[in-house]
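The numbers in my numbering rise by one with no breaks, and the one at position 76 of the sequence shown is 131.
Report on the following structure.
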Amino acid sequence: MTSRRSIGLLESDCTACLICVRECPSQCMEIERHSEQISEGRRPKTVHVLDAFSIDFALCMYCGLCIDVCPTDALQWSDQGGLAAHQREGLVSESADLVRRAHK
């Protein structure tokens, strides 16, 4: 019997570009971000900074499109599967849970 894998997040690699959110067919991902100005060289540059990342695994189809389109490989398959909950809200994973999955 095959076990279903889950999705993990390497938070330090995420640029909050929102590509994964836009490409997700089930719209199960949410990202909160803010912009910061950094000065590298002569011109200041605006970058997005990740504040929060969540995936609603009750909606996720586990298709892997988010992993495929991530330009920095911040999203990855995790062998930690078996997500179960008594309430639907228990299937929503926040940043800390996703980061833990990426490191297992």
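Just so it is clear, CB atoms sit at the ideal spot from N, CA and C, and this is done for glycine as well.
Rounded straight-line distance, which links the Cα of residue j to that of residue i
i: Thr70; j: Arg97; result: 22 Å
i: Val76; j: Ser61; result: 17 Å
i: Ser81; j: Ser109; result: 13 Å
i: Glu66; j: Met116; result: 22 Å
i: Phe112; j: Val147; result: 6 Å
i: Gln92; j: Asp68; result: 18 Å
i: Asp128; j: Thr101; result: 21 Å
i: Cys94; j: Pro126; result: At residue 94 the sequence reads Ser, which differs from the Cys that was named. Going by the C-alpha atoms only, they are around 23 Å apart.
i: Leu153; j: Gln131; result: 10 Å
Identity of the residue in the options nearest residue i by Cα
i: Ser90; options: Ser148, Tyr117 and His103; result: His103
Test item: CB-CB of residue i and residue j under 8 Å
i: Cys118; j: Met84; result: no
Contacting residues, own chain, Cβ-Cβ under 7 Å from residue i (five flanking each side not counted)
i: Leu73; result: Ile86
i: Asp106; result: Glu87, Arg88 and His89
i: Glu78; result: Leu120, Cys121 and Val124
i: Ala151; result: none
Beta-carbon contacts of residue i that lie in its chain and below 6 Å, excluding the five residues immediately before and after
i: Leu114; result: Ser81 and Cys83
i: Glu149; result: Ser109
i: Pro99; result: Gln92
Continuous beta strand (DSSP E) stretch holding residue i: start and end
i: Asp106; result: Arg98 to Asp111
i: Arg88; result: Met84 to Glu95
i: Arg73; result: Reading off the sequence, residue 73 comes out as Leu, not Arg. It is not in any beta strand (DSSP E) - Leu73 carries neither H nor E in the DSSP assignment.
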